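The opening position of the sequence shown corresponds to residue 1086 in my numbering, with each subsequent residue numbered one higher.
Just so you know, even glycine gets a beta-carbon here, dropped at the ideal spot from N, CA and C.
Please read these numbers as outputs of a predicted model, since none were measured by experiment.
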Amino acid sequence: MHINNDHMYHGAALTQIADRPEFKAINAFDDLKARGAFRINNDVAIYIKHAAAPTKTVHAEYLFGFSANNCADVRELENRCKKVFVVLVCVHDKEICVITSAQFNKLIADRKRDYLSAYGKDEAQPTILVTARPRSQFRVYVNQAKKKGALIGELKVARNDFPSLLFLP
């Protein structure tokens, strides 16, 4: 079987999950189109995306685009599991950032609302940005439309949240 890049980057996240003592089982959601959706144990779902390298700008941001189908997949996972997380693999820095589906939904909604206000139409693929500066927490946010350098909804995420956050009660 041919190995795609996403197999390797998803595997990096899945291996860290499988190494946890609380881990019991992992299964792909075969009936979803998303290749990065997995059920962990019985009640946790994860949706994995990866970005190969940060931008070459001063902010060195990883860009994670989410199509309407991607957002629909996350909503479907919320219907199936008690806890849902979006796992963002920052390949170049060899780091994994995790946010809850509630945080994900808020970031996407904030960006869509701002984009609609600025351009009068829906954005086809909103982008969540992550910075992974050395010796610092991840910064997760969306950009404000039509305003260079302005961001919306910045979250600070501890580097050690993944994968422990998935197993908290």
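Helix, strand or coil for residue 1117? Go by DSSP, reduced to three states. coil
Nearest-angstrom Cα separation, counted from residue 1223 out to residue 1216: 6 Å
Does the count of Cβ pairs from the region 1111-1126 and the region 1140-1152 closer than 8 Å reach three? no
Examine the Cβ distances between the region 1153-1169 and the region 1182-1195 and report whether three or more of them are shorter than 8 Å. yes
Are the region 1180-1187 and the region 1232-1251 touching, with three or more C-beta to C-beta distances below 8 Å? yes
Reducing DSSP to helix, strand and coil, say where residue 1100 ends up. helix
For residue 1178, count the other beta carbons within 10 Å of its own beta carbon; 16 or more makes it buried, fewer makes it exposed. Which is it? So residue 1178 ends up on the buried side.
Roughly how many whole angstroms lie between the Cα atoms of residue 1075 and residue 1234? Shown here, the chain extends from 1086 to 1254; a query on residue 1075 therefore has no answer.
Pick out whichever of 1121, 1096, 1245 and 1227 has its Cα sitting closest to the Cα of residue 1162. 1121
Beta-carbon of residue 1104 versus every beta-carbon of chain B: anything under 9 Å? In summary, chain B is missing from the structure at hand, where a single protein chain is found.
Quick check on the burial criterion: 16 or more other C-beta atoms within 10 angstroms. Buried or exposed for residue 1099? buried
Quick check: what's the CA-CA separation for residue 1151 versus residue 1242? 20 Å
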